[in-house]
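Asks:
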Amino acid sequence: MTNRPSYAQLEGLVEFLEQNPGIAKGLLRTTQAKLETKRKWATLATSLNSLGGANKDGQGWAKYWAEKKCRLKKQCAQMSSSMRLTGGETASNLPTLSALDQRLVAVMGGHEFGNRDSRLAVDPFPELTIPTSPIIEIPVIETPVIEDTSPVPGTSHDDTSQPICLIPPATPTPTPVHSHHTITVTIPQTRRRRSLIPRPQNADMEQFARIEERRVEAEIKTAEALAKIAEHMGTIGCALLEISRKMPEP
């Protein structure tokens, strides 16, 4: 059986990559994503092998796409360079892209796909720097503690800490005096009211909202940096693959 894929297999591969652009670009780097990607390649291999032509497992089709992607990237770079030199026209000696190749280039971001990370042609191992996320400091907000300041016999309180509202004693009602009764007058005790200090809830909510906005912005920057790193690693892999292909076999 030949190792050259048939047109039906290539068309099935293109449709798979159009439906899974993350797999096509190599952006899925987490452990769970890698397992899911491996499973999808295995399922695709079963489907493509049934069409006739090349017979590969999931890893074999993934390797075929990696090599195909490197060739497309190199071809797009040559076409872009030729257009810049000829004022917008492509040199006649360069091969044209087939309909399936054009669909693959569209998945990878168009003809600019060949112009990305052009410095890797000179230095295939650039130093990648991850932007440092801004440090978010969460201020500690002190909540006022309200204590019950009811008078306790035998203890003293600092009257300057909280305002005291005194209730004047009620005037006792005159009671008729009888010589054989004992007069008992009850004097109500003075009470202190609690001083409630309203908390600035609106200011707290605004401050937490600003903190949350800064946190979300930091996560977005981190995600963008990881995506760029993944793209750089894919380009480095292409460069290494191209070098290994040009090296003579021992």
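Numbering (UniProt numbering), first residue to last: 1 to 250.
Backbone N, C-alpha and C fix where the C-beta goes; we use that ideal spot for every residue, glycine too.
Quick one: using the 10 Å Cβ neighbour count with 16 as the cut-off for buried, is Val-216 buried or exposed?
Replies: As a position in the sequence shown, residue 216 is number 216, starting the count at 1. Exposed is the call here.
Asks: Assuming Gly-53 and Gln-9 are in contact, meaning their beta carbons sit under 8 Å apart, how far apart are those beta carbons, in whole angstroms?
Replies: The residue labelled residue 53 in the question sits at position 53 within the sequence shown. The residue labelled residue 9 in the question sits at position 9 within the sequence shown. Confirmed, about 5 Å.
Asks: Only counting the same chain, and skipping five residues up and downstream in sequence, which positions put a Cβ closer than 6 Å to that of Glu-127?
Replies: Sequence index remark: in the sequence shown, residue 127 carries index 127 (1-based). For Glu-127, the pLDDT reaches just 38, beneath the cut-off of 50, and the residue's location in the model is therefore unreliable, although a value from the coordinates is still provided. Answer for Glu-127: no residue qualifies.
Asks: Would you decide whether Leu-17 is buried or exposed? Buried here means 16 or more other CB atoms lie within 10 Å of its CB.
Replies: The count along the sequence shown starts at 1 and reaches residue 17 at position 17. Looking at its Cβ environment, which holds 16 or more other Cβ atoms inside 10 Å, Leu-17 is buried.
Asks: Could you tell me if Phe-113 is buried or exposed, where buried requires 16 or more neighbouring beta carbons within 10 angstroms of its beta carbon?
Replies: Start at 1 with the first residue of the sequence shown, and residue 113 comes out as number 113. With 16 or more Cβ atoms within 10 Å of its Cβ, Phe-113 is classed as buried.
Asks: Looking at C-alpha atoms only, which residue of Ala-77, Leu-51, Ser-80 and Lys-38 is the closest neighbour of Lys-63?
Replies: In the sequence shown, counting from the first residue as 1, residue 63 sits at position 63. Comparing Cα-Cα distances from Lys-63 to each of Ala-77, Leu-51, Ser-80 and Lys-38, the minimum goes to Lys-38.
Asks: Starting from Phe-16, trace the alpha helix (DSSP H) in both directions and tell me its first and last residue.
Replies: Your numbering for residue 16 matches position 16 in the sequence shown. Here the alpha helix (DSSP H) through Phe-16 covers 7 to 19.
Asks: When we look at the beta-carbon of Pro-151 and count the other beta-carbons within 10 Å, is it buried (16 or more) or exposed?
Replies: Here residue 151 refers to the residue found at position 151 of the sequence shown. Bear in mind that the predicted position of Pro-151 carries a pLDDT of just 48, short of 50, making it unreliable; the figure below should be weighed with that in mind. Answer is exposed; the Cβ neighbour count stays below 16.
Asks: Just confirm the distance between the C-beta atoms of Val-105 and Cys-76, as a whole number of angstroms; I'd bet it's less than 8 Å.
Replies: Counting from one through the sequence shown, the residue named residue 105 turns up at place 105. Counting from one through the sequence shown, the residue named residue 76 turns up at place 76. Indeed, because the Cβ distance is near 6 Å, the residues count as touching under 8 Å.
Asks: Take Leu-241 as the anchor and find which of Pro-21, Lys-74, Val-107 and Glu-213 has the nearest alpha-carbon.
Replies: Stepping through the sequence shown from its first residue, residue 241 is reached at position 241. Nearest C-alpha to Leu-241: Lys-74.
Asks: Thinking just about the alpha-carbon of each residue, which of Gly-22, Met-247, Gly-12 and Asn-55 is nearest to the one in Arg-4?
Replies: The count along the sequence shown starts at 1 and reaches residue 4 at position 4. It is Asn-55.
Asks: Where does Arg-103 fall in DSSP's three states?
Replies: By 1-based counting over the sequence shown, the position of residue 103 is 103. Reduced to three states, the DSSP call for Arg-103 is helix.
Asks: What residue range does the alpha helix (DSSP H) around Trp-39 cover?
Replies: Within the sequence shown, the letter at position 39 stands for residue 39. According to the sequence provided, residue 39 is Arg. The question's Trp does not apply to it. 31 to 49 is the span of the alpha helix (DSSP H), which, as asked, contains Arg-39.
Asks: Taking the alpha carbon of Met-79 as the point to measure from, which residue in Ala-225, Glu-206 and Gly-110 has its own alpha carbon closest?
Replies: Locating residue 79 in the sequence shown gives position 79, counting from the first residue. If we check each option's Cα against that of Met-79, Gly-110 comes out closest.
Asks: Which whole-angstrom value describes the C-beta separation of Leu-72 and Gly-12, a residue pair presumed to lie in contact below a C-beta threshold of 8 Å?
Replies: Sequence index remark: in the sequence shown, residue 72 carries index 72 (1-based). Sequence index remark: in the sequence shown, residue 12 carries index 12 (1-based). Not quite, the Cβ-Cβ distance comes to about 18 Å (not below 8 Å), so this is no contact.
Asks: If you draw a straight line from the C-alpha of Ala-225 to the C-alpha of Ala-218, how long is it?
Replies: Numbered from its first residue, the sequence shown carries residue 225 at position 225. Numbered from its first residue, the sequence shown carries residue 218 at position 218. Looking at the two C-alpha atoms, the distance is approximately 11 Å.
Asks: If you measure from the beta carbon of Lys-63 to each beta carbon in chain B, is any gap under 7 Å?
Replies: Of the protein chains in this structure there is only one, and it is not chain B.
Asks: In angstroms, rounded to a whole number, what distance separates the CA positions of Ala-33 and Gly-22?
Replies: Along the sequence shown, read from residue 1 onward, the residue named residue 33 stands at position 33. Along the sequence shown, read from residue 1 onward, the residue named residue 22 stands at position 22. When rounded, the distance between both Cα atoms is 10 Å.
Asks: Using 8 Å for Cβ pairs, my map puts Ala-230 next to Leu-27. What's the rounded Cβ distance?
Replies: In the sequence shown, residue 230 corresponds to position 230, counting from 1. In the sequence shown, residue 27 corresponds to position 27, counting from 1. Sure, about 5 Å apart at Cβ, within 8 Å.
Asks: Do Leu-94 and residue 251 come within 7 Å of each other at the CB atom, strictly closer than that value?
Replies: In the structure as shown, the chain starts at 1 and stops at 250, and residue 251 therefore has no counterpart that could be examined.
Asks: Could you tell me the boundaries of the alpha helix (DSSP H) in which Thr-96 lies?
Replies: Here residue 96 refers to the residue found at position 96 of the sequence shown. No alpha helix (DSSP H) holds Thr-96; DSSP gives it neither H nor E.
Asks: Is the Cβ-Cβ distance between Trp-41 and Gly-60 less than 7 Å?
Replies: Reading the sequence shown from its first residue, position 41 is the one you call residue 41. Reading the sequence shown from its first residue, position 60 is the one you call residue 60. No.
Asks: Roughly how many angstroms separate the alpha carbons of Glu-36 and Asn-20, rounded to a whole number?
Replies: Stepping through the sequence shown from its first residue, residue 36 is reached at position 36. Stepping through the sequence shown from its first residue, residue 20 is reached at position 20. For Glu-36 and Asn-20, the distance between alpha carbons rounds to 11 Å.
Asks: Select from Cys-238, Leu-48 and Thr-43 the residue whose C-alpha is nearest the C-alpha of Ser-6.
Replies: Counting from 1 along the sequence shown, the entry for residue 6 is found at position 6. Minimum Cα distance to Ser-6 is reached at Leu-48.
Asks: How would you write the range of the alpha helix (DSSP H) that Gly-237 sits in, first residue to last?
Replies: Here residue 237 refers to the residue found at position 237 of the sequence shown. Its alpha helix (DSSP H) spans residues 201 to 246.
Asks: Taking Thr-30 as the reference, give the member of His-232, Ala-227 and Gly-237 with the closest Cα.
Replies: Position 30 of the sequence shown, counted from the start, is the residue given in the question as residue 30. Of His-232, Ala-227 and Gly-237, the residue nearest in Cα terms is Ala-227.
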